[in-house]
Each structure stands twice: as C-alpha cells, then as structure tokens.
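Chains A and B, in that order, give the protein sequences.
Counting along the first sequence from 1, when you hit position 85 you're at 85 in the working numbering, and nothing is skipped either side.
For the working numbering, add 1000 to where a residue sits in the second sequence, where the first one is 1.
Cβ coordinates follow ideal geometry from the N, Cα and C atoms, glycine included.
These notes are about the structure you will find just below.
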Amino acid sequence: MINIPIMLPSNSQYAKGAYLKSVEVDYELLVAGATSITLSMNKVTRGADTAVAVVASVAGSQDLAAGVAAASQEQHKITWTLTTPVWIDNDQEFLLVMTAVCGAAVTIDLLGAVANFTLRL
Amino acid sequence: MGYIHDTHMSQVIPPTLFHCVTGTWSIAAGQVAGTIVKRVNDANQTGIVNVPIILPSNSVAGKGSKLVSIEVDYEITVAAVVVTATLNKVTRGADTAVAVVSAPTFTYDAGHDTAAERDDVDQHLMTITITTPAYLDNDEYYLLELSCDQAGDGGLIEFLGAVANYTLRL
C-alpha cells in the first residue's frame, strides 16, 4: 500500500485556494503483471489539540480497470478522478492510496504523481 | 494587471518530507486508520526532526510568501519525550560558499509554551508564530527543527504532518 500525499496550497476561506479535481500516477510494472492496482483517496481532517484526526474516504474512480488495464506488465499513467471536486481547507490533508496486489515476482517502479486542480486566490 | 494579497494561505507538509537525524525513525501507519506518520522512537537518544517549509519564494522584495506560523500535528504515545522547536532560516551559499543559518524568534501557542505541555501523552497541535514575519527571498528557506529528547527512557512520538500558514503576494 502506497500513500501519496497531495501537496497543494489550501486556504482558510471557503472556495479559495486549491480545488482538487484529479490525480495522475505514473508507474511501471516490471517482470510480471500485478493481480490488481486499485486507487482510493482519504481526506484527513486534522485533529484540534488533544483530539485525533478524522479520516473519510473520498468518492472517485480510476480510468484503468484495477485487475486488467492497470495491472499489466507495462508503463502506466492512471488517473483517479474525484466524483465531486473539493476546495481544500487549511485543516485538511488528502492522501491518494495505491493498493497493489502482486505476485512474488512483480516489481513496481513509481515515477511520481501529478495533482490537477483549479487555483483561486 | 492583477494583484494578489491573500493572508489566508496554507501549505500542508506531509510527514514523508520530514528529515530525521539521530535516533530511530520509520514511516508508519498512524494511530487513526488512514493516516500516515513519521515515527521517532528510541531510548537514550535525541532524535532531530527537520520540517522543510515548502513555500514559493520570489526574488523581488515584498513578493512571494511571508511565513506567519507553522502548525505541527504530533502524538506522543509513550511518555517522556522532550520536544523543543527551533526555527532555522537558511540563506543558501553562492557557489563555493557555505550556507548561513539564522534563528528567527517565535512564540509557542498557549497550550505548548512549557515543556510539560509539549511533552504529555496526547494528540498535539502545536503552533509556533514567527515574531517578525518576512517575505521569503529566492535564496532562503526555512527548516523547523524539532528536538525529541528521549534520553533515559523509551519515548515514542509520531508526527502526522505540519501546515505552514503564510501570506501570498503576487
């Protein structure tokens, strides 16, 4: 399981800052194909002092099928799109979670990720 | 021609960017499922954790980012970790020259201005506020240094991340 922190500017005012729309991940499966590559997203609302953080899953979908196109032995660019884009508040963090189910022979090379957003200042 | 002066900007800094020196540290799952942390634990050592403050800068005076405060989210799960913050402002060296480090003054928030408040077993949101904020030049950057003194004990501290609050002027 790979957590990819989404490092965008946020803003304490509503509807300002970054409006997160999608995240692209570049990776390569070497040696063999995987069983599945599945993306999901967590929104972490930071805890106040003495309080724990609260995690909620964010609805969205990936453009490559988890056990088919996303899992082949190949270079991949997969896009995860939020069902409802969100303005990022200053007490929120977003993590894209990449879950790779693989056989013993598989090697994954992660090249990086790109977050697509609207910026309003 | 547009002009932006936004005093409400923030930048999250994930724990994966934290730079650790000395002590034993690891990337781990947080206490709350779905969170990630940088975990620092070991007896009889002082772990130094540097938080790089990743803000845009500008070569023109009075433009770019003016760092105002930094919030650090951490949890002490095993007692007796002495947490002390130092803010380092690094002025990059020219070619063949060393970098120069200064220590801008800051204040802790009221809930963390004593060692005992910073060190108790609990979830923490600690805020340090820069006494004299300044726009960041393109040859400068900040590191928030967190000293985690675990001498003589087996303390455990988990950093969930940090948030830099700044004014953006473009």
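Assign residue 24 of chain A to one of three DSSP states: helix, strand, or coil. strand
Quick one: is residue 86 of chain A near chain B, going by C-beta distance under 9 Å? No, residue 86 of chain A lies away from the interface with chain B (no Cβ there is under 9 Å from its Cβ).
Under 9 Å between the Cβ atoms of residue 1036 of chain B and residue 90 of chain A? no
Against chain A, does residue 1036 of chain B count as a neighbour if the rule is that its beta carbon must be under 9 Å from one of theirs? yes
What does residue 39 of chain A reach in chain B if we use C-beta pairs closer than 7 Å? Simply none; closest approach about 14 Å.
In terms of residue numbering, what span does the beta strand (DSSP E) encompassing residue 120 of chain A cover? Here the beta strand (DSSP E) through residue 120 of chain A covers 107 to 120.
Can you pull the chain B neighbours of residue 7 of chain A, defined as C-beta to C-beta under 8 Å? 1011, 1012, 1013, 1014 and 1054
Exposed or buried, what is residue 1135 of chain B when buried is set at 16 or more other beta-carbons lying within 10 Å of its beta-carbon? By the 10 Å Cβ count, residue 1135 of chain B comes out buried.
Quick one: any contact between the stretch 1142 to 1149 of chain B and the stretch 1061 to 1072 of chain B, if contact means 3 or more CB pairs under 8 Å? yes
Just grab the DSSP bridge partners of residue 1006 of chain B for me. B:1168
Under 9 Å by beta carbon: chain B residues contacting residue 13 of chain A: 1006 and 1008
Does the distance from the CB of residue 62 of chain A to the CB of residue 38 of chain A come in under 9 Å? yes
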